[in-house]
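**Student:** Before anything else, here's the structure in question.
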Amino acid sequence: MGERLTVELEDIGSTSWWAGILTVLTSQYGSRLLRFVARSNGRSLYTSDTFTSPRPYRDGPPEEAYSPGMRQALDRLLEDLARDGWEQTGRGEHPWSFVFERGQRQGL
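Just so it is clear: in the sequence shown, position 5 is 24 by my numbering, and no numbers are missing.
Here it is, written out as structure tokens:
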């Protein structure tokens, strides 16, 4: 049986109380610090570089035009996944929502 992995967007300030405090203290007013995370079975296996995005007035995904480094962070993460043998098998509702799978590793 193979492994399955999903790519998600993560607001670093929401990962823990201390990360929330650090994000508020180190980010520009009205900005949030984000990254892409590739998870399998609830574990974060890969993380992208971070990038900033304005805090939205209402819930919604960040817009690439206002989030410098967003596309580059996603591209690098996807390159890392491809290099490690992950194959894209699906898409989600957002531009960064990907599903990947790879076969069971031999010799473990």
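Glycine included, every Cβ here is placed at the ideal spot set by N, Cα and C.
#1: Between the Cα of E112 and those of E22, L28, G21 and R23, spot the shortest distance and give me the residue it belongs to.
#2: If you drop the 5 nearest sequence neighbours on each side, which residues of the same chain put their C-beta closer than 7 Å to that of S59?
#3: Let me know the secondary structure DSSP gives E83 once reduced to three states.
#4: From which residue to which residue does the alpha helix (DSSP H) around D68 run?
#5: Kindly list the residues whose CB is nearer than 7 Å to the CB of D99, restricted to its own chain and excluding five residues on each side of it in sequence; keep chain order.
#6: Using 8 Å for Cβ pairs, my map puts T69 next to L52. What's the rounded Cβ distance?
#7: Helix, strand or coil for E120 per DSSP?
#8: Closer than 7 Å by C-beta to R121: which residues in its own chain qualify, once you throw out the five before and the five after it? Chain order, please.
**Tutor:** The short version:
#1: By 1-based counting over the sequence shown, the position of residue 112 is 93. Of E22, L28, G21 and R23, the residue nearest in Cα terms is L28.
#2: Taking the first residue of the sequence shown as 1, we reach residue 59 at position 40. Taken in chain order, the residues that qualify are E22, R23 and L24.
#3: The residue given as residue 83 occupies position 64 in the sequence shown. It is helical.
#4: Against the sequence shown, residue 68 aligns to sequence position 49. Looking at the DSSP string, D68 is not in any alpha helix (DSSP H), and its letter there is neither H nor E.
#5: Numbered from 1 along the sequence shown, position 80 holds the residue referred to as residue 99. When the five nearest sequence neighbours on each side are left out, the beta carbons in the same chain lying within less than 7 Å of the beta carbon of D99 are those of Y65, in order along the chain.
#6: Taking the first residue of the sequence shown as 1, we reach residue 69 at position 50. Taking the first residue of the sequence shown as 1, we reach residue 52 at position 33. Rounded, the Cβ-Cβ distance is 5 Å, consistent with contact.
#7: On the sequence shown, residue 120 is found 101 positions in, with the first residue counted as 1. Reduced to three states, the DSSP call for E120 is strand.
#8: In the sequence shown, counting from the first residue as 1, residue 121 sits at position 102. The beta carbon of R121 sits closer than 7 Å to those of G21, E22, G104, W105 and E106, all from its chain and outside the five residues before and after it, given in chain order.
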